[in-house]
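S.K.: Counting from 1 along the sequence shown, just add 140 to a position and that's the residue number in the working numbering.
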Amino acid sequence: MCGPQIKLNEASYLKIKEICASFNNNPGELINVLHKTQEHFGYLPEEVQQVVADCLGIPVGRVYGVVSFYSFFTMKPKGKYAISVCLGTACYVKGAEKILDALKSELKISEGGVTPDGKFSIDVLRCVGACGLAPVMTINGKTYGRLTPEQVKGILAEYAD
């Protein structure tokens, strides 16, 4: 595994142990443990995965396999506002790539990137499940549909702090 490295402090280590214990350290609850852990840390770096594996008594490779398989888990930090652009067939045909290009241009980051201030990140998904609204993007789970590239700047302005 590679990617951003963090050093776990005692409080973080104890938080992971607490999360695992809340699921009775049951290896069958791995996905639920990972969801709760990602809610706390924002992502699931290698060190976090190792502690989860140790607490649940399973190989770290099993944890990594789940984290890398499911698109809702991430091993990289996200921005405060995580943007996902759907590139599924319906969205792609209706211009999702132009939405992605507008986001990259406006935020001056590439797919998978995070703005220098940590405010926004951009990723792509294969299907959001809102094909009737194509093209679609989400920001922290809020869905925006029937998008045009011209709408991107105004939507981003909604997230100005």
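We put the CB at the ideal spot given by N, CA and C, even for glycine. Remember, predicted model here, so these are calculated numbers, not experimental data.
Check whether the Cβ atoms of Met277 and Ser211 sit closer than 8 angstroms, and answer yes or no.
M.R.: Not in contact: Met277 and Ser211 (Cβ atoms no closer than 8 angstroms).
S.K.: Which parts of the segment 191-237 are runs of the alpha helix (DSSP H), unbroken and 4 residues or longer, counting only runs that do not cross its ends?
M.R.: Complete alpha helix (DSSP H) runs here, min 4: 200-209, 229-233.
S.K.: For the alpha helix (DSSP H) containing Leu181, list its first residue and its last residue.
M.R.: What sits at residue 181 in the sequence shown is Phe, not Leu. Element bounds for Phe181: 170-181.
S.K.: Could you check the C-alpha separation between Gly182 and Gln189 for me, to the nearest Å?
M.R.: Taking the straight line from one Cα to the other gives about 13 angstroms.
S.K.: DSSP puts Phe260 in a beta bridge; with which residues?
M.R.: Phe260 pairs with Tyr221.
S.K.: Where Glu169 and Phe163 are concerned, what is the direct C-alpha to C-alpha distance, given to the nearest angstrom?
M.R.: Answer to the nearest angstrom: the Cα atoms are 6 angstroms apart.
S.K.: Per DSSP, which one or two residues make a beta bridge with Tyr153?
M.R.: Bridge partners of Tyr153: none, in fact.
S.K.: Tell me whether Pro199 is buried or exposed, calling it buried when 16 or more other Cβ atoms sit within 10 Å of its Cβ.
M.R.: Its Cβ having fewer than 16 others within 10 Å, Pro199 is exposed.
S.K.: Does the beta-carbon distance from Glu251 to Asp241 come in below 8 angstroms?
M.R.: In this structure, Asp241 does not lie closer than 8 angstroms to Glu251 by Cβ.
S.K.: When the Cβ atoms of the segment 224-239 are set against those of the segment 191-210, are three or more pairs found closer than 8 angstroms?
M.R.: As far as the Cβ criterion goes, the segment 224-239 does not touch the segment 191-210, which means the pair count is below three.
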